[in-house]
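Asks: Please see the structure below; I have some questions.
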Amino acid sequence: MTIDFRSDTVTRPTPAMLEAMHSAKVGDDVFGEDPTVNALEQYAADMFGMEAGIFCPSGTMTNQIAIKCHTQPSDEVICEKQSHIYQYEGGGIASNAGCQVKLVEGDRGRITAAQVLAAINPNDIHKAPSSLVSLENTSNRGGGSCYEWEEMEAIRQVCNQHHLKLHLDGARLFNALVAKNQTTRQYGAVFDSISICLSKSLGAPVGSILLGNKSFITQARRVRKRFGGGMRQAGYIAAAGLYALQNHIQRLKEDHVHAQQIARAVAQKKFVKNILPVETNIIIFELNDSITAATLVARLKEKGVLWYAIDVHKIRIVLHLDITASMVQQTIDIIQTL
Ligand SMILES: *Cc1c(COP(=O)(O)O)cnc(C)c1O
Numbered sequence: 000m001t002i003d004f005r006s007d008t009v010t011r012p013t014p015a016m017l018e019a020m021h022s023a024k025v026g027d028d029v030f031g032e033d034p035t036v037n038a039l040e041q042y043a044a045d046m047f048g049m050e051a052g053i054f055c056p057s058g059t060m061t062n063q064i065a066i067k068c069h070t071q072p073s074d075e076v077i078c079e080k081q082s083h084i085y086q087y088e089g090g091g092i093a094s095n096a097g098c099q100v101k102l103v104e105g106d107r108g109r110i111t112a113a114q115v116l117a118a119i120n121p122n123d124i125h126k127a128p129s130s131l132v133s134l135e136n137t138s139n140r141g142g143g144s145c146y147e148w149e150e151m152e153a154i155r156q157v158c159n160q161h162h163l164k165l166h167l168d169g170a171r172l173f174n175a176l177v178a179k180n181q182t183t184r185q186y187g188a189v190f191d192s193i194s195i196c197l198s199k200s201l202g203a204p205v206g207s208i209l210l211g212n213k214s215f216i217t218q219a220r221r222v223r224k225r226f227g228g229g230m231r232q233a234g235y236i237a238a239a240g241l242y243a244l245q246n247h248i249q250r251l252k253e254d255h256v257h258a259q260q261i262a263r264a265v266a267q268k269k270f271v272k273n274i275l276p277v278e279t280n281i282i283i284f285e286l287n288d289s290i291t292a293a294t295l296v297a298r299l300k301e302k303g304v305l306w307y308a309i310d311v312h313k314i315r316i317v318l319h320l321d322i323t324a325s326m327v328q329q330t331i332d333i334i335q336t337l
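Under numbering that gives the first Met the number 0, the first residue of the sequence shown carries the number 0, and numbering increases by one thereafter.
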């Protein structure tokens, strides 16, 4: 048996989730006639106190649609250097929205209101108009780090003063909510748009949702169609997402406890140079020169444990709902034999 820590995207639907999918009522969602997709979009929008939502195949698509809808070609998007929208979306900001980025170097993926303020271009014909700030919470490359609520509010103030839109890449937002005791409503009141992934730590097989006001989501429907993301009887996968939102949020705490337990075992190893603070379900650590990440990953694989080398000397471990307490114990035992 393998224990797969490479990502929280590797989960399989639970029997109860499969049952919800099996019994879903469906229709043609491009015609707006899939009752389960409509229910999911409404449910998510209500959770956040936002006006509307749109179900999409991936978090890359929800982010890219948001960036496209908030900007004009040649605008500048302010984001953190390690952010997913910049690092892992195939240059989509440039090709889909025709925008350039202003990269800010944050602390474990998080930027401050002062940094946002300093990154805004002056009203000068030489400069690209700054029009959008995008935050990521939790930060993937930041090792699952979470924003403080006050910082996001302060960033909102800066955006208001300079007429910038504020987007949240909330691929793992629910991990942050659970870790920080924050509410979905708080987020809905501060961001112009929010992307959440159902296929990450929530355990659905496919799908993300983009939330915003009605006119924004109407525009998003056009862009989704243009990007090829209009789906037909998508209710079968939306049912999994709805099930996940209704049943898989509180259990994220277990993943966070498991992450702490594994991190403690990892931190004791001589070959570990440093380990990022563990706030949620992600552990990122750096190795010293005695071993490469690829070598360590290969050694673990022989023992049935899958980790992910994110750099020559860096490894990422992600907890999720297919990893049980006994698998965590087994993994700790294996770490101790290394
Ligand atoms: C996974 C992820 C996304 C979206 O990824 P998809 O694989 O396209 O669903 C966006 N942002 C972050 C931070 C992510 O980790």
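Yeah, the Cβ is synthetic: ideal placement off N, Cα and C, and Gly gets one too.
Check whether the Cβ of A170 sits closer than 7 Å to any heavy atom of ligand 1, and report yes or no.
Replies: The answer is yes for A170.
Asks: Would the C-beta of H83 count as close to ligand 1, meaning under 7 Å from any of its heavy atoms?
Replies: At least one heavy atom of ligand 1 is nearer than 7 Å to the Cβ of H83, so yes.
Asks: For ligand 1, I want to know if C196 counts as a neighbour, meaning its beta carbon is within less than 7 Å of at least one of the ligand's heavy atoms.
Replies: Yes, ligand 1 has a heavy atom inside 7 Å of this Cβ.
Asks: When every heavy atom of ligand 1 is checked, does at least one fall within less than 7 Å of the C-beta of K268?
Replies: Incorrect: K268 has no Cβ contact closer than 7 Å to ligand 1.
Asks: Quick check: does the Cβ of G202 come within less than 7 Å of any heavy atom belonging to ligand 1?
Replies: No.
Asks: Go ahead and pull the three-state DSSP assignment for D74.
Replies: Coil at D74, not helix or strand.
Asks: Taking 6 Å as the limit between beta carbons, can you name the residues of its chain near M20, skipping five residues before and five after?
Replies: Cβ neighbours of M20 beyond the five flanking positions: Y235, A238 and A239.
Asks: Output the boundary residues of the alpha helix (DSSP H) element that contains F215.
Replies: F215 -> alpha helix (DSSP H) spans K213 to R225.
Asks: Starting from C55, follow the beta strand (DSSP E) in both directions and report where the run begins and ends.
Replies: Run containing C55: A51 to C55, per the beta strand (DSSP E) assignment.
Asks: Hey, quick one: how far does the alpha helix (DSSP H) through I92 stretch, first residue to last?
Replies: Here the alpha helix (DSSP H) through I92 covers G91 to A96.
Asks: Leaving out five residues before and five after R155 in sequence, what residues of the same chain have Cβ atoms less than 7 Å from its Cβ?
Replies: L165 and V189, listed in sequence order.
Asks: Check the DSSP bridge columns for S194 and list the partner residues they point to.
Replies: D168 and L209.
Asks: Whole beta strand (DSSP E) runs in the stretch 230–277 with 3 or more residues, listed along the chain?
Replies: List check, beta strand (DSSP E) in window: 271–274.
Asks: Kindly indicate which residue of Q267, T291, L275 and H257 has the alpha-carbon position closest to the one of F4.
Replies: Nearest option by C-alpha distance: H257.
Asks: DSSP three-state call for S138: helix, strand or coil?
Replies: Here S138 sits in strand by DSSP.
Asks: Identify whether Q181 lies in helix, strand or coil by the three-state DSSP scheme.
Replies: It is coil, neither helix nor strand.
Asks: Can you determine whether any heavy atom of ligand 1 sits closer than 7 Å to the C-beta of G97, and answer yes or no?
Replies: Checking every heavy atom of ligand 1 against the Cβ of G97, none is found closer than 7 Å.
Asks: Roughly how far, in whole angstroms, is the beta-carbon of L167 from the beta-carbon of I193, given that I think they are within contact range, below 8 Å?
Replies: The pair is a contact, with the Cβ atoms about 5 Å apart (cut-off 8 Å).
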